[in-house]
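Beneath this line is the structure, given in structure tokens, with notes to follow.
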Amino acid sequence: MALNIMQLATMFADKHPGITSGHRLCPGCAAPNVAKFALMTAEALGYTPVVGFATGCMEVSTTIYPYTAWNVPYIHNAFENAAATVSGVETAYRALLKKGRLVDPNKKYAFFAFGGDGGTYDIGLQSLSGAVERGHKFIYIVYDNEGYMNTGNQRSGATPPGSQTTTQPVGKKLSGKIQLKKNIVEIMAAHENVYVATVSTSEPMDFFKKIEKALNFDGPSFIAAMSPCVRFWRVNDDKAVEISKLAVETGYWPLYEVERGVYRVTKKVKELKPVREFIEKQGRFRPLLKRPDADEIINELQEYVTSRWERLLALEEATKDKPIR
Amino acid sequence: MPEVKNRQAVTGAQAVANAMRQINPDVVAAYPITPQTPVVEYFAQYVADGVVETEMIPVESEHSAMSAVVGAAAAGARAMTATAANGLALMHEIVYIAASSRLPIVMAVANRALSGPINIHCDHSDAMAERDSGWIQLWAENAQEAYDLTLMAIRIAEHEDVRLPVMVNFDGFIISHGVEVVDFLDDEVAKKFVGEPKVMYPLLDTEHPVTHGPLDLYDYYFEHKRQQIEAMKHVEKVFKEVAEEFAKISGRKYDLLDKYKIDDAEYIMIALGSTAGTIKYTVDLLREEGHKVGVVKPQIFRPFPKNELQELLNGRKGVIVLDRAASFGAEAPLYEAVKSALYEVAVRPQIGSYVYGLGGRDIKIEHIRKAFEDAFSGNLIADEERYLGLRE
Numbered sequence: 001m002a003l004n005i006m007q008l009a010t011m012f013a014d015k016h017p018g019i020t021s022g023h024r025l026c027p028g029c030a031a032p033n034v035a036k037f038a039l040m041t042a043e044a045l046g047y048t049p050v051v052g053f054a055t056g057c058m059e060v061s062t063t064i065y066p067y068t069a070w071n072v073p074y075i076h077n078a079f080e081n082a083a084a085t086v087s088g089v090e091t092a093y094r095a096l097l098k099k100g101r102l103v104d105p106n107k108k109y110a111f112f113a114f115g116g117d118g119g120t121y122d123i124g125l126q127s128l129s130g131a132v133e134r135g136h137k138f139i140y141i142v143y144d145n146e147g148y149m150n151t152g153n154q155r156s157g158a159t160p161p162g163s164q165t166t167t168q169p170v171g172k173k174l175s176g177k178i179q180l181k182k183n184i185v186e187i188m189a190a191h192e193n194v195y196v197a198t199v200s201t202s203e204p205m206d207f208f209k210k211i212e213k214a215l216n217f218d219g220p221s222f223i224a225a226m227s228p229c230v231r232f233w234r235v236n237d238d239k240a241v242e243i244s245k246l247a248v249e250t251g252y253w254p255l256y257e258v259e260r261g262v263y264r265v266t267k268k269v270k271e272l273k274p275v276r277e278f279i280e281k282q283g284r285f286r287p288l289l290k291r292p293d294a295d296e297i298i299n300e301l302q303e304y305v306t307s308r309w310e311r312l313l314a315l316e317e318a319t320k321d322k323p324i325r
Numbered sequence: 001m002p003e004v005k006n007r008q009a010v011t012g013a014q015a016v017a018n019a020m021r022q023i024n025p026d027v028v029a030a031y032p033i034t035p036q037t038p039v040v041e042y043f044a045q046y047v048a049d050g051v052v053e054t055e056m057i058p059v060e061s062e063h064s065a066m067s068a069v070v071g072a073a074a075a076g077a078r079a080m081t082a083t084a085a086n087g088l089a090l091m092h093e094i095v096y097i098a099a100s101s102r103l104p105i106v107m108a109v110a111n112r113a114l115s116g117p118i119n120i121h122c123d124h125s126d127a128m129a130e131r132d133s134g135w136i137q138l139w140a141e142n143a144q145e146a147y148d149l150t151l152m153a154i155r156i157a158e159h160e161d162v163r164l165p166v167m168v169n170f171d172g173f174i175i176s177h178g179v180e181v182v183d184f185l186d187d188e189v190a191k192k193f194v195g196e197p198k199v200m201y202p203l204l205d206t207e208h209p210v211t212h213g214p215l216d217l218y219d220y221y222f223e224h225k226r227q228q229i230e231a232m233k234h235v236e237k238v239f240k241e242v243a244e245e246f247a248k249i250s251g252r253k254y255d256l257l258d259k260y261k262i263d264d265a266e267y268i269m270i271a272l273g274s275t276a277g278t279i280k281y282t283v284d285l286l287r288e289e290g291h292k293v294g295v296v297k298p299q300i301f302r303p304f305p306k307n308e309l310q311e312l313l314n315g316r317k318g319v320i321v322l323d324r325a326a327s328f329g330a331e332a333p334l335y336e337a338v339k340s341a342l343y344e345v346a347v348r349p350q351i352g353s354y355v356y357g358l359g360g361r362d363i364k365i366e367h368i369r370k371a372f373e374d375a376f377s378g379n380l381i382a383d384e385e386r387y388l389g390l391r392e
């Protein structure tokens with residue numbers, strides 16, 4: 001069954017898919033929609049979702065005991081082990097199915113693990129890599145807000161150069177983080193027996209389709225979602241989707257997928273907007289823009305974004321019909 | 001006493017793996033680490049041969065092993081793992097989470113020195129580092145006990161008054177790799193004893209969704225810790241019930257304290273694990289010489305069987321505590337617990353602390369005899385830590 005917006009809108013008009021309202025995330029946060037889009041796709045396609053979460057903004061804001069915003073089975077274990085934890089849950093499911101206990105053989109279960117960029121790019125990378133290598137049937141979704149936002153805007157492996165953070169601030173001498181964002185999508189795609197995709201809440205249909213693909217994929221999937229933190233990106237509460245859209249249109253966050261090594265760019269932007277536009281819309285780059293080397297840093301980022309975009313198009317051409325496994 | 005049908009010469013690791021085979025857990029997630037490795041290897045062979053129905057997760061680290069068994073146990077599976085030393089240390093964070101989530105996970109620990117410097121041989125520093133993690137700690141003296149306690153651990157962990165994880169400690173190499181004769185239960189008898197898993201609030205009961213591992217702030221965290229404390233208080237009673245039932249099927253009766261020749265003993269030595277066996281032998285020798293000596297081996301270290309120990313030690317002449325782990329800047333862990341228990345007894349014995357066997361250093365009869373002789377001559381000093389087998 002292919003999904004359409006009307007169908008989803010009708011289906012969930014008076015029902016909360018997975019996560020309910022009343023959680024305590026900041027107004028305008030993009031993260032709950034990342035979870036919602038994924039879970040509504042699963043539910044609409046007849047799956048019963050089971051969710052694991054890494055420590056982070058969303059975990060602390062949705063499960064303040066004795067309350068919970070989750071109306072699906074949910075487990076949080078620690079910061080760096082959402083993938084390992086869900087691999088245990090998924091394995092338990094297979095064991096219990098075999099033994100005829102607890103699990104309904106007529107149900108389609110969908111196992112999700114969620115983590116922020118800290119729990120995914122950095123501290124959780126080992127457990128994520130291990131779980132994907134072992135081939136557990138689960139979907140890992142990173143909501144990437146490019147820093148440790150839950151604990152007050154510290155740098156992560158996903159932080160772009162020049163962004164203001166508290167552990168690598170822009171100062172008189174240093175221009176903040178100098179390294180480019182870690183390319184987690186390519187790291188995960190290199191696991192080969194995996195479906196990997198980038199999504200953005202500004203492109204819901206593309207998002208739904210990729211979740212559907214992940215649900216149908218026989219093996220692990222990894223979905224990277226652009227998820228602006230309105231608080232530390234210093235944008236207004238109503239700007240998360242707009243900024244995400246700009247990230248896609250500038251090529252800063254290209255929408256593509258890699259299925260067992262086969263690349264496909266799912267949104268072909270005819271002419272990429274300059275990355276500067278994405279940067280200038282956000283307060284987190286304001287300290288950078290005041291520095292004399294701002295142009296240098298932005299130009300370097302622009303070069304990277306452009307060459308990666310061209311490389312993606314080339315990879316799409318080169319890998320067409322050539323799955324790696 | 002039931003007839004023994006399955007008497008075999010095996011290593012402790014084989015004995016533990018065989019217990020795991022009979023338990024046939026739903027999920028085992030494990031990573032190899034010396035000297036636990038053969039446990040995982042034997043068990044993996046059982047899985048490969050289809051002897052068990054277990055789903056095995058060959059994880060990429062011990063941290064993930066404990067994380068995966070937490071996920072599996074929360075999901076509603078009977079989940080087990082095994083580890084040692086640095087592997088246990090790497091699990092540390094999740095060891096606490098398993099206990100606070102009240103998940104009845106059973107883990108075999110082949111006790112080994114904790115780095116650094118790196119050392120692969122036996123001591124108890126790994127388990128002692130988890131002393132306050134909220135896990136029940138059972139301690140085996142030999143391969144037989146490692147086998148028996150592994151079976152009993154399942155029943156204790158899953159008991160509805162307990163619901164806490166259990167680690168079964170057995171000395172690395174000494175027990176894990178040493179070959180001994182072990183009496184195994186018949187598969188059917190063992191299977192019946194462990195029974196069907198008792199599951200509470202399973203994640204996979206999707207009709208009744210639950211949230212595991214929520215954020216627990218200052219308004220409830222304290223109460224939840226109190227519940228863990230309360231659960232520990234039920235362990236002694238449950239241990240005795242389970243031991244009683246186990247005795248009926250095996251003829252082997254366990255108690256919180258394993259007591260050897262203590263009825264008229266004036267001097268009692270206390271130690272955990274395999275060294276208790278060497279002490280028993282030394283006690284036999286000393287008894288022949290007319291000394292009234294005995295051994296007490298705590299079969300369980302957490303919860304600490306304080307009341308039983310108090311009753312037993314009250315009025316004795318001397319108590320000698322042997323620790324296979326140090327506590328830097330404080331007293332050795334077993335000694336500290338025993339000494340603290342003795343504060344409340346009516347007639348306090350003399351007491352002395354001896355640290356031995358760190359990093360696999362051999363402990364010999366003459367070392368044990370030396371410590372007893374200190375006691376005989378009234379030379380036990382409560383505030384002095386002494387060392388057995390150390391070059392000084």
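Heads up: the protein sequence lines correspond to chains A and B, in order. Taking the working numbering, the leading residue of the first sequence gets 1, the next gets one more, and so forth. Taking the working numbering, the leading residue of the second sequence gets 1, the next gets one more, and so forth. Note that beta-carbon positions come from the ideal geometry of N, C-alpha and C, so glycine has one too.
TODO: Could you run through the stretch 209-243 of chain B and flag, in chain order, every residue whose CB is less than 9 Å away from some CB of chain A?
DONE: P209, V210, T211, H212, G213, P214, L215, D216, L217, D219, Y220, Y221, H224
Open item on the list: Residues of chain A with CB closer than 9 Å to the CB of G87 of chain B, please, in chain order.
Closed with: Against chain A, a Cβ distance below 9 Å from G87 of chain B picks out nothing, because the smallest value is about 14 Å.
Task: Cutoff 7 Å: V59 of chain B Cβ touching any chain A Cβ - done: yes
Open item on the list: Would L164 of chain B and A231 of chain B be called neighbours here (beta carbons separated by less than 7 Å)?
Closed with: yes
- [ ] Say whether chain A places a C-beta atom closer than 7 Å to the C-beta of I97 of chain B.
- [x] yes
TODO: Could you confirm whether any beta carbon from chain A is found closer than 7 Å to the beta carbon of P305 of chain B?
DONE: False, the Cβ-Cβ gap to chain A never drops below 7 Å.
TODO: Decide yes or no for the touch test of the stretch 92-100 of chain B against the stretch 118-138 of chain B: beta carbon pairs closer than 8 Å, at least 3 of them.
DONE: yes
- [ ] Starting from the beta carbon of G329 of chain B, find every residue of chain A whose beta carbon is closer than 8 Å, and list them in chain order.
- [x] None at all; the shortest Cβ gap to chain A is about 29 Å.
Task: Distance between I320 of chain B and F304 of chain B (C-alpha atoms, nearest Å) - done: 17 Å
Open item on the list: So, under 8 Å CB-CB, E53 of chain B and N24 of chain B are touching, yes? Tell me the CB distance rounded to an integer number of Å.
Closed with: 6 Å
- [ ] For H208 of chain B, count neighbouring C-beta atoms within 10 Å of its own C-beta (all shown protein chains included) and say buried if the count is 16 or more, exposed if not.
- [x] exposed
Open item on the list: Rounding to the nearest angstrom, what Cα-Cα distance links R7 of chain B and A271 of chain B in this structure?
Closed with: 28 Å
Open item on the list: Using a Cβ-Cβ cutoff of less than 7 Å, which residues in the same chain neighbour Y304 of chain A once the five nearest sequence positions on both sides are dropped?
Closed with: L180
Task: Proximity of A393 of chain B and T83 of chain B at Cβ, strictly below 7 Å - done: Residue 393 of chain B is absent from the model: chain B starts at 1 and stops at 392.
- [ ] Mind checking the stretch 84-100 of chain A against chain B and listing, in chain order, the residues whose C-beta falls within less than 7 Å of any C-beta there?
- [x] A84, T85, V86, S87, G88, V89, T91, A92, Y93, R94, A95, L96, K98, K99
- [ ] Quick one: list the residues of chain B neighbouring L272 of chain A, beta-carbon separation under 7 Å, in chain order.
- [x] The premise fails here: L272 of chain A is roughly 38 Å from chain B at the closest Cβ pair, so nothing lies under 7 Å.
Open item on the list: Quick check: the stretch 280-290 of chain B against the stretch 299-316 of chain B, are at least 3 beta-carbon pairs closer than 8 Å?
Closed with: no
TODO: Find the nearest neighbour of N86 of chain B within the set B:P117, B:E141, B:T150, B:D126, judged by alpha-carbon distance.
DONE: B:D126
Open item on the list: For a cutoff of 7 Å on Cβ pairs, would you count L203 of chain B as touching chain A?
Closed with: yes
Task: Beta-carbon proximity of A197 of chain A to E257 of chain A, cut-off 7 Å - done: yes
Open item on the list: For S340 of chain B and D383 of chain B, what's the separation of their Cα atoms in angstroms?
Closed with: 12 Å
Open item on the list: Within the continuous beta strand (DSSP E) that includes F114 of chain A, where are the two ends?
Closed with: 108-116
Task: Closest Cα partner of L128 of chain A within the set A:I223, A:D238, A:K273, A:K322 - done: For the residues A:I223, A:D238, A:K273, A:K322, the minimum Cα distance to L128 of chain A belongs to A:I223.
TODO: Compute the Euclidean distance between the alpha carbons of M1 of chain B and A140 of chain B, then round it to the nearest angstrom.
DONE: Any reading at M1 of chain B must be qualified, since the residue scores a pLDDT of 45, below 50, and its modelled position is unreliable; the value itself is stated next. One C-alpha to the other measures close to 22 Å.
Open item on the list: Would the stretch 2-11 of chain A count as touching the stretch 199-211 of chain A if we require 3 or more Cβ pairs under 8 Å?
Closed with: yes
Task: Span of the beta strand (DSSP E), counted from its first residue to its last, around F53 of chain A - done: 47-53
Open item on the list: At the level of alpha carbons, what is the spacing between Y281 of chain B and G315 of chain B?
Closed with: C-alpha separation (whole angstroms): 24 Å.
- [ ] Grab the span of the beta strand (DSSP E) containing Q137 of chain B for me, first residue to last.
- [x] That run of the beta strand (DSSP E) goes 136-139.
Open item on the list: Tell me the DSSP secondary structure of M1 of chain B in three-state form.
Closed with: With a pLDDT of only 45 at M1 of chain B, under the threshold of 50, the placement of this residue in the model should not be trusted; the figure read from the coordinates follows. DSSP places M1 of chain B in coil when its eight states are reduced to three.
Task: Cβ-based burial, A318 of chain A [other Cβ within 10 Å; buried from 16] - done: exposed
Task: Buried or exposed (CB count within 10 angstroms, at least 16 for buried), A314 of chain A - done: exposed
- [ ] Would you check if the stretch 139-146 of chain A and the stretch 113-125 of chain A touch, i.e. whether three or more CB-CB distances between them fall below 8 Å?
- [x] yes
- [ ] Would you tell me roughly how many angstroms separate the C-alpha atoms of V265 of chain A and R308 of chain A, rounded to the nearest one?
- [x] 12 Å
- [ ] Scan the stretch 90-121 of chain B for residues whose Cβ lies nearer than 7 Å to a Cβ of chain A and list them as they occur along the chain.
- [x] E93, I94, I97
- [ ] Could you name each continuous beta strand (DSSP E) segment of 3 residues or more that falls completely within the stretch 11-40 of chain B, going from the start of the chain to the end?
- [x] 27-30
Open item on the list: Give me the subset of the stretch 8-34 of chain B whose CB atoms are less than 8 Å from a CB atom of chain A, sorted by chain position.
Closed with: Answer set for the stretch 8-34 of chain B: D26, V27, A29.
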